[in-house]
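Student: Residues 9 to 583 in my numbering are what the sequence shown spells out, letter by letter.
For glycine and all other residues, C-beta sits at the position ideal for the given N, C-alpha and C.
Computed from a predicted structure; not experimentally measured.
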Amino acid sequence: RAGLLKGGESEEPSIVPGKPLQSPLYLAVTREHEDDWESMPPKENDKLSTAQVAYIKDWIAGGAPWPDVKRITELLEQKDPWAIEGGLLVKTSGGLSEDWTNRKYDPKNLWAYQPVKRPPIPMDSINPIDAFINVRIPDGLKPAPEADRLTLIRRATFDLTGLPPTPEEIESFVNDIELDAYKSLIERLLASPHYGEQWGRHWLDVVRYADSGGFANDFERPNAWRYRDYIIRSFNEDKPYDQFIREQIAGDEIHPNSTENKIAVGFLRMGPWEQTGMAVARVTRQFFLDDVTDSVGQVFLGHALQCARCHDHKFDPIPTRDYYSMQAVFANTQFAEVNAPFQPSENTEGLEIHKKYHQLRNDENKRMLGGLPKERVTPNDFGRERLGRKWSTLFSWGLDRYRPIAFTVYNGKTRFQKKIASRQQKPAGDLGTKTAPEKTAILTGGDLFSPADPVAPGALSVVGLKVDIPKEVNGRRTALAKWITHKDNPLTARVMVNRVWQYHFGRGLAGNPNNFGATGKKSTHPELLDWLASEFMTKGWSVKQLHRLIMTSETYRRDSTHPDVDQLAELDSEG
Numbered sequence: 009r010a011g012l013l014k015g016g017e018s019e020e021p022s023i024v025p026g027k028p029l030q031s032p033l034y035l036a037v038t039r040e041h042e043d044d045w046e047s048m049p050p051k052e053n054d055k056l057s058t059a060q061v062a063y064i065k066d067w068i069a070g071g072a073p074w075p076d077v078k079r080i081t082e083l084l085e086q087k088d089p090w091a092i093e094g095g096l097l098v099k100t101s102g103g104l105s106e107d108w109t110n111r112k113y114d115p116k117n118l119w120a121y122q123p124v125k126r127p128p129i130p131m132d133s134i135n136p137i138d139a140f141i142n143v144r145i146p147d148g149l150k151p152a153p154e155a156d157r158l159t160l161i162r163r164a165t166f167d168l169t170g171l172p173p174t175p176e177e178i179e180s181f182v183n184d185i186e187l188d189a190y191k192s193l194i195e196r197l198l199a200s201p202h203y204g205e206q207w208g209r210h211w212l213d214v215v216r217y218a219d220s221g222g223f224a225n226d227f228e229r230p231n232a233w234r235y236r237d238y239i240i241r242s243f244n245e246d247k248p249y250d251q252f253i254r255e256q257i258a259g260d261e262i263h264p265n266s267t268e269n270k271i272a273v274g275f276l277r278m279g280p281w282e283q284t285g286m287a288v289a290r291v292t293r294q295f296f297l298d299d300v301t302d303s304v305g306q307v308f309l310g311h312a313l314q315c316a317r318c319h320d321h322k323f324d325p326i327p328t329r330d331y332y333s334m335q336a337v338f339a340n341t342q343f344a345e346v347n348a349p350f351q352p353s354e355n356t357e358g359l360e361i362h363k364k365y366h367q368l369r370n371d372e373n374k375r376m377l378g379g380l381p382k383e384r385v386t387p388n389d390f391g392r393e394r395l396g397r398k399w400s401t402l403f404s405w406g407l408d409r410y411r412p413i414a415f416t417v418y419n420g421k422t423r424f425q426k427k428i429a430s431r432q433q434k435p436a437g438d439l440g441t442k443t444a445p446e447k448t449a450i451l452t453g454g455d456l457f458s459p460a461d462p463v464a465p466g467a468l469s470v471v472g473l474k475v476d477i478p479k480e481v482n483g484r485r486t487a488l489a490k491w492i493t494h495k496d497n498p499l500t501a502r503v504m505v506n507r508v509w510q511y512h513f514g515r516g517l518a519g520n521p522n523n524f525g526a527t528g529k530k531s532t533h534p535e536l537l538d539w540l541a542s543e544f545m546t547k548g549w550s551v552k553q554l555h556r557l558i559m560t561s562e563t564y565r566r567d568s569t570h571p572d573v574d575q576l577a578e579l580d581s582e583g
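(1) Do you know offhand how far residue 173's Cα is from residue 58's?
(2) Can you tell me the Cα-Cα spacing of residue 388 and residue 345, whole angstroms?
(3) Below 8 Å, how does it come out for the stretch 318-331 and the stretch 498-513: are there three or more Cβ pairs, yes or no?
(4) Compute the Euclidean distance between the alpha carbons of residue 277 and residue 294, then round it to the nearest angstrom.
(5) Can you give me the C-alpha to C-alpha distance between residue 201 and residue 524, rounded to a whole angstrom?
(6) Determine the direct distance from the alpha carbon of residue 217 to that of residue 336, and round the result to whole angstroms.
(7) In the DSSP assignment, what are the bridge partners of residue 459?
(8) Between which two residues does the alpha helix (DSSP H) carrying residue 545 extend?
(9) State yes or no: is the C-beta of residue 552 within less than 8 Å of the C-beta of residue 198?
(10) Return helix, strand or coil for residue 413, following the three-state DSSP convention.
(11) Name the DSSP bridge partner or partners of residue 93?
(12) How far does the alpha helix (DSSP H) with residue 261 in it extend, from its first residue to its last?
(13) Give me the residue from 28, 190 and 33 with the minimum Cα distance to residue 16.
(14) Measure the beta-carbon distance from residue 127 to residue 538 and round it to whole angstroms, keeping in mind my assumption that it falls under 8 Å.
(15) Pull up the DSSP beta-bridge partners for residue 343, would you.
(16) Going by alpha carbons, who is nearest to residue 259 out of 21, 203, 165 and 490?
(17) How about residue 208 and residue 239: are their beta carbons less than 8 Å apart?
(18) My guess is that residue 144 and residue 533 are in contact by the Cβ rule of under 8 Å, so how many angstroms apart are they, rounded?
(19) Would you tell me roughly how many angstroms separate the C-alpha atoms of residue 514 and residue 94, rounded to the nearest one?
(20) Does the distance from the CB of residue 531 to the CB of residue 137 come in under 8 Å?
(21) Among 102, 467 and 196, whose alpha-carbon lies nearest the alpha-carbon of residue 309?
(22) So, does the CB of residue 547 fall closer than 8 Å to a CB anywhere in chain C?
(23) Taking only three categories from DSSP, how would you classify residue 484?
(24) According to DSSP, residue 566 sits in a beta bridge with which residue or residues?
(25) Nearer than 7 Å: is that true of the beta carbon of residue 520 relative to any heavy atom of the ligand SAM?
(26) Which residue from 179, 521 and 232 puts its Cα closest to that of residue 417?
(27) With C-beta atoms as the reference, is residue 109 less than 8 Å away from residue 470?
(28) Tell me whether the beta-carbon of residue 229 lies closer than 8 Å to the beta-carbon of residue 220.
(29) Can the beta-carbon of residue 445 be found closer than 8 Å to that of residue 475?
(30) If we count the other Cβ atoms within 10 Å of its Cβ and call it buried at 16 or more, is residue 140 buried or exposed?
(31) For residue 484 versus residue 462, is the C-beta spacing smaller than 8 Å?
(32) Just to confirm, are residue 492 and residue 253 a CB contact at a threshold of 8 Å?
(33) With respect to the alpha helix (DSSP H) encompassing residue 331, which residues constitute its N-terminal and C-terminal limits?
(34) Under 6 Å Cβ to Cβ from residue 72, same chain only, skipping five residues before and after it: list those, please.
(35) Out of curiosity, what's the CA-to-CA distance linking residue 279 and residue 155?
(36) Assign residue 183 to buried or exposed, taking buried as 16 or more other Cβ atoms, counted over all protein chains shown, within 10 Å of its Cβ.
Rendered as structure tokens:
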């Protein structure tokens with residue numbers, strides 16, 4: 009602390025306790041004051057996360073407290089500050105240290121790894137959801153009454169389609185005297201093409217969908233829209249969720265001749281990507297592997313796996329070995345844009361008109377390039393030539409949007425190699441062909457250039473479900489996808505059920521949909537979550553059936569305001 013207060017070459021203190029905006033240390037790590045302070049760390053790729061910068065700001069604002077010598081000694085001597093005395097020992101593939109491998113965990117933080125067991129319904133109820141909810145209502149408190157019909161049609165329509173009901177639809181529903189009027193409303197909305205657009209949008213948010221590659225140049229991904237439309241179709245068709253997962257992780261392996269499946273694995277490519285080529289190509293490649301490993305963990309398993317990239321997980325029983333074992337599954341997954349004919353189910357309306365427009369503009373810019381006189385050339389001509397080339401390139405990319413190309417991936421020994429080689433123009437950003445399985449090793453501290461022990465392809469050992477992943481290139485992603493969708497995997501169904509509940513009620517039964525680990529919020533109704541997960545799998549992983557179950561419950565149909573607000577506030581400790 010004394011060193012920070014004294015400062016270095018500038019002879020100014022690095023921190024001003026209580027004043028982060030006057031502290032050079034804070035100003036440097038924000039990377040927003042480069043005219044006055046050099047950004048730290050110097051490399052853009054090493055910059056601190058938003059959360060880390062916030063920690064530094066809060067620390068300085070709080071007076072920059074520093075532990076005394078006694079406390080520092082205690083921390084250094086403490087073997088594992090996250091271990092729980094008297095907790096449970098969890099079997100995993102093993103940590104980087106014996107202390108981590110033998111650490112014990114608080115049983116209540118291991119709830120997500122327990123098998124999904126269908127609990128008995130606690131009381132009589134037409135809809136089991138209401139039984140699990142009502143049994144937890146405090147004595148003396150009555151639930152809110154059912155909402156009026158105007159509220160119900162607005163709630164249901166916005167939830168399922170993202171659009172308001174029309175005046176005619178409102179009038180028809182409000183005046184409908186049939187007993188099943190509400191059920192009929194739900195069925196009509198589930199059959200609407202807007203349903204897939206609304207719930208596809210939710211999914212695209214989760215899987216980091218973007219129409220461009222991110223990073224500095226943020227190049228357009230002209231064919232990413234086909235993955236977007238695949239998601240919309242899948243929800244509209246009520247594709248079984250387990251099949252939905254398998255197609256996105258390994259569709260090209262499972263059905264290599266299916267255009268739909270080639271498009272589906274575009275999921276693996278939705279992360280940010282630097283098209284221009286970075287200083288070290290291996291670093292760019294590692295960014296992809298880290299992104300896809302963590303995305304599979306968060307999207308399907310409810311776990312942020314990047315916490316185990318540099319070290320064994322601080323809070324959850326996820327060793328670094330498991331992180332790189334899962335990453336090894338994708339070690340031979342390469343990028344490709346391949347010919348994939350438009351399908352009858354795809355919305356290609358208007359494509360020909362837009363294609364002709366871009367072709368005309370492209371031809372016009374080629375004429376701009378070819379119209380320069382050969383004898384007399386001025387500086388302005390050079391500018392015009394550069395401009396022509398620039399727009400020619402841009403419109404060439406624009407044309408790609410209307411070509412039957414799939415934004416997909418391939419393995420090193422599949423037929424994709426031949427297809428890519430046969431194309432007149434190779435896809436930008438193609439990483440080349442791999443002919444043998446890439447070896448994966450644990451990276452010390454997450455450093456690509458500090459490999460340690462090699463690992464075999466695998467999955468999360470804490471789940472306790474065996475996974476058989478072949479050593480060969482093909483079939484690795486298929487094996488992982490089958491492991492994720494296995495009925496005995498305790499995470500997959502719970503995670504999806506929780507997501508659907510979250511989008512209907514604004515908050516999941518478990519408060520952090522991407523974090524079912526120790527630092528995530530525990531389920532407020534664990535029995536209900538397990539019953540819904542079991543029912544979800546029993547009903548063929550049908551998302552639409554899950555909507556029906558939730559939306560026909562009294563719990564969903566209740567008014568959002570309670571008649572006895574004072575009593576509710578008194579009983580509800582969270583306000």
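Tutor: This is what the structure gives:
(1) On the sequence shown, residue 173 is found 165 positions in, with the first residue counted as 1. On the sequence shown, residue 58 is found 50 positions in, with the first residue counted as 1. If I take the Cα positions, the gap works out to 40 Å.
(2) Here residue 388 refers to the residue found at position 380 when the sequence shown is read from its first residue. Here residue 345 refers to the residue found at position 337 when the sequence shown is read from its first residue. Any reading at residue 388 needs caution, since the residue's pLDDT is 42, under 50, leaving its predicted position unreliable; the model's value is listed next. One C-alpha to the other measures close to 37 Å.
(3) Touching, no, given that fewer than three Cβ pairs across the two stretches are closer than 8 Å.
(4) Working through the sequence shown from its first residue, we reach residue 277 at position 269. Working through the sequence shown from its first residue, we reach residue 294 at position 286. Within the model, the alpha-carbon separation for residue 277 versus residue 294 is close to 13 Å.
(5) Position 193 of the sequence shown, counted from the start, is the residue given in the question as residue 201. Position 516 of the sequence shown, counted from the start, is the residue given in the question as residue 524. Their Cα atoms are separated by approximately 32 Å.
(6) Along the sequence shown, read from residue 1 onward, the residue named residue 336 stands at position 328. Along the sequence shown, read from residue 1 onward, the residue named residue 217 stands at position 209. Counting only the Cα atoms, residue 217 lies some 23 Å from residue 336.
(7) The residue labelled residue 459 in the question sits at position 451 within the sequence shown. Note: residue 459 sits in a beta bridge opposite 451.
(8) Residue numbering aside, residue 545 sits at position 537 when the sequence shown is read from its first letter. The continuous alpha helix (DSSP H) containing residue 545 extends over residues 534-546.
(9) Residue numbering aside, residue 552 sits at position 544 when the sequence shown is read from its first letter. Residue numbering aside, residue 198 sits at position 190 when the sequence shown is read from its first letter. A contact, by the Cβ cut-off of 8 Å.
(10) Position 405 of the sequence shown holds residue 413. In the three-state DSSP reduction, residue 413 falls in the strand class (E or B).
(11) Within the sequence shown, residue 93 is the residue found at index 85, counting from 1. Answer by DSSP bridge pairing: none, since residue 93 is not bridged.
(12) In the sequence shown, counting from the first residue as 1, residue 261 sits at position 253. Run containing residue 261: 249-262, per the alpha helix (DSSP H) assignment.
(13) Within the sequence shown, the letter at position 8 stands for residue 16. Residue 33 holds the alpha-carbon nearest to the alpha-carbon of residue 16 among 28, 190 and 33.
(14) If you number the sequence shown from 1, residue 127 lands on position 119. If you number the sequence shown from 1, residue 538 lands on position 530. That pair is a contact at about 6 Å.
(15) For the purposes of this step, residue 343 is taken as residue 335 along the sequence shown, with counting starting at 1. Beta-bridge analysis with DSSP links residue 343 to 417.
(16) By one-based count along the sequence shown, residue 259 stands at place 251. Comparing alpha carbon positions, the residue from 21, 203, 165 and 490 closest to residue 259 is 490.
(17) As a working mapping, residue 208 is identified with position 200 in the sequence shown. As a working mapping, residue 239 is identified with position 231 in the sequence shown. In this structure, residue 239 lies closer than 8 Å to residue 208 by Cβ.
(18) On the sequence shown, residue 144 is found 136 positions in, with the first residue counted as 1. On the sequence shown, residue 533 is found 525 positions in, with the first residue counted as 1. About 7 Å separates the Cβ atoms of residue 144 and residue 533, confirming a contact at the 8 Å cut-off.
(19) Along the sequence shown, read from residue 1 onward, the residue named residue 514 stands at position 506. Along the sequence shown, read from residue 1 onward, the residue named residue 94 stands at position 86. In a straight line, the C-alpha of residue 514 is about 37 Å away from that of residue 94.
(20) Against the sequence shown, residue 531 aligns to sequence position 523. Against the sequence shown, residue 137 aligns to sequence position 129. Contact: no.
(21) In the sequence shown, residue 309 corresponds to position 301, counting from 1. Per the Cα distances, 467.
(22) Protein chain content of the structure displayed is limited to a single chain, and chain C is not contained in it.
(23) Walking along the sequence shown from the start, residue 484 turns up at place 476. Correct three-state label for residue 484: helix.
(24) The sequence position of residue 566 within the sequence shown is 558, counting from 1. Paired residue(s): 154.
(25) In the structure on display, the ligand SAM does not appear, and there are no ligands present to speak of.
(26) Counting from one through the sequence shown, the residue named residue 417 turns up at place 409. Closest option to residue 417, Cα to Cα, is 232.
(27) Along the sequence shown, read from residue 1 onward, the residue named residue 109 stands at position 101. Along the sequence shown, read from residue 1 onward, the residue named residue 470 stands at position 462. No.
(28) Locating residue 229 in the sequence shown gives position 221, where the first residue counts as 1. Locating residue 220 in the sequence shown gives position 212, where the first residue counts as 1. Their beta carbons are under 8 Å apart, which means residue 229 touches residue 220 by this criterion.
(29) In the sequence shown, the residue the question calls residue 445 occupies position 437. In the sequence shown, the residue the question calls residue 475 occupies position 467. With respect to the 8 Å criterion, residue 445 and residue 475 are not classified as neighbours on the basis of their beta carbons.
(30) Position 132 of the sequence shown, counting from 1, holds the residue named residue 140. Residue 140 is buried by the Cβ-count criterion.
(31) Taking the first residue of the sequence shown as 1, we reach residue 484 at position 476. Taking the first residue of the sequence shown as 1, we reach residue 462 at position 454. No. Outside cutoff.
(32) One-based indexing of the sequence shown puts residue 492 at position 484. One-based indexing of the sequence shown puts residue 253 at position 245. A contact, by the Cβ cut-off of 8 Å.
(33) Locating residue 331 in the sequence shown gives position 323, where the first residue counts as 1. Start and end: 328-336.
(34) Walking along the sequence shown from the start, residue 72 turns up at place 64. Excluding sequence neighbours, residue 72 sits near 23 and 25.
(35) Along the sequence shown, read from residue 1 onward, the residue named residue 279 stands at position 271. Along the sequence shown, read from residue 1 onward, the residue named residue 155 stands at position 147. C-alpha separation (whole angstroms): 42 Å.
(36) Position 175 of the sequence shown, counting from 1, holds the residue named residue 183. By the neighbour-count rule (16 or more Cβ atoms within 10 Å), residue 183 is not buried but exposed.
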